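The structure under discussion appears below in the form of structure tokens.
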């Protein structure tokens with residue numbers, strides 16, 4: 007045990023001497039390259055994580071909230087939704103509920119028309135579960151007793167540079183009148199009260215009217231197609247589902263993830279891209295360290311021969327180069343984190359990247375930092391081992407006097 011400790015100390019001492027006595031410019035350049043390699047690894051990962059997080063946030067904030075309560079399989083509507091809300095509204099962590107009617111409709115304006123989904127809500131309740139009331143870009147949001155008025159997303163309105171401009175109504179503005187034909191055959195005319203833009207294509211294809219307006223269209227009262235439930239945390243939906251069932255909610259209760267197939271697809275794609283870019287990044291970093299250590303072993307060939315001649319084990323010399331390579335990697339990781347948190351993260355907070363799922367900033371997770379740092383250090387250690395192991399395999403005389 008004591009001899010092993012001594013050998014490690016000798017290896018560390020040699021690594022220090024090799025680094026301290028080496029060319030400072032080369033040392034700084036190597037650390038800079040390691041830092042850039044680490045930034046490249048973390049930047050790609052944090053962008054993908056940011057895109058996934060933005061998509062999840064949009065699904066929760068603009069489509070389904072955290073939990074969706076639907077009618078039992080054999081029923082079309084939830085009867086007396088207020089009784090369901092009373093059971094769950096006081097559960098710790100529940101911060102809002104919104105009972106909604108959801109139906110399809112054909113919306114027409116002049117020569118343009120299309121089929122979209124219309125949700126009917128109590129505007130006051132909707133504000134507790136959705137961010138759409140704060141995303142109006144023209145006009146204003148609905149009021150509780152509005153009749154004959156509708157708000158629509160930009161993908162329906164058109165004229166706002168949306169992704170589905172060719173299927174939109176071609177440029178509807180606030181004050182225009184839309185002809186709406188519901189799936190039950192009822193037709194109504196609605197004045198456009200507002201237009202919203204969520205930066206999320208699925209939410210921007212929705213239209214909203216008031217609950218009372220929809221009840222007059224459907225000829226029913228005190229029912230709901232679904233109840234959205236907003237909680238104070240994401241990721242603990244199963245706990246709330248269990249509590250709701252225990253409180254006597256017998257309707258079909260599902261977390262938002264059930265409706266977010268796009269999130270699962272994106273996550274799988276991002277994981278594959280992350281793995282690919284990570285492998286390439288580690289390889290590039292490893293090659294860089296390999297070249298640096300190889301050049302060092304060639305230039306210090308005679309010194310290593312002398313060290314071996316005076317009794318220093320080959321394993322100690324090899325380990326010293328592994329320590330040196332790991333040192334470069336650790337310094338690169340530290341410098342890379344400084345670059346990320348001091349420069350890149352603040353910049354993208356002020357200037358987020360615009361994607362179809364919304365504004366994306368860099369999301370740096372502790373797990374990603376640990377795995378990328380460990381991967382970079384391991385790659386560097388392997389790259390430090392190979393040339394040093396090759397260098398100590400030649401005879402002592404060849405190392406000292408050359409071929």
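Numbering (the numbering used here), first residue to last: 7 to 409. Backbone N, C-alpha and C fix where the C-beta goes; we use that ideal spot for every residue, glycine too. Note that the structure is predicted; figures quoted are calculated from it, not measured.
Fewer than three pairs of CB atoms, one per stretch, sit closer than 8 Å, so the stretch 386-399 makes no contact with the stretch 367-376. Closest by C-alpha distance to residue 63, out of 209, 341, 127, is 209. Within the stretch 322-407, complete beta strand (DSSP E) segments of at least 3 residues are found at 359-361, 364-366, given in chain order. At the C-beta level, residue 178 and residue 162 come within 9 Å of one another. When beta bridges are read from the DSSP output, residue 100 appears opposite 237. Cα atoms of residue 358 and residue 142: separation of roughly 20 Å, rounded to the nearest angstrom.
In this structure, the beta-carbon distance from residue 325 to residue 17 falls below 9 Å.
Ranking 225, 113, 190, 172 by CA distance to the CA of residue 214 puts 113 first. Apart from sequence neighbours up to five positions away, the residues of its chain that approach residue 13 with a beta-carbon distance below 6 Å are 322, ordered along the chain. For the pair residue 350 and residue 44, the CB atoms are not nearer than the 9 Å cut-off.
The three-state reading of DSSP puts residue 245 in helix, counting H, G and I together. In its chain, beyond the 5 residues on either side, 237, 238 have a beta carbon closer than 6 Å to the beta carbon of residue 99.
In the three-state reduction of the DSSP assignment, residue 184 falls in the strand class.
Rounded to whole angstroms, the separation of the alpha carbons of residue 80 and residue 104 is 22 Å.
Under the criterion of beta carbons closer than 8 Å, residue 111 and residue 187 qualify as touching, at roughly 6 Å. For the set 337, 69, 282, 36, the Cα lying nearest the Cα of residue 263 is the one of 69. In the same chain as residue 76, and ignoring 5 residues on each side of it, the C-beta atoms closer than 6 Å to its own belong to 232, 258, in chain order. Closest in alpha carbon position to residue 121, among 211, 389, 240, is 211. Residue 190 and residue 47 have their C-alpha atoms some 54 Å from each other.
DSSP lists 123 as the bridge partner or partners of residue 110.
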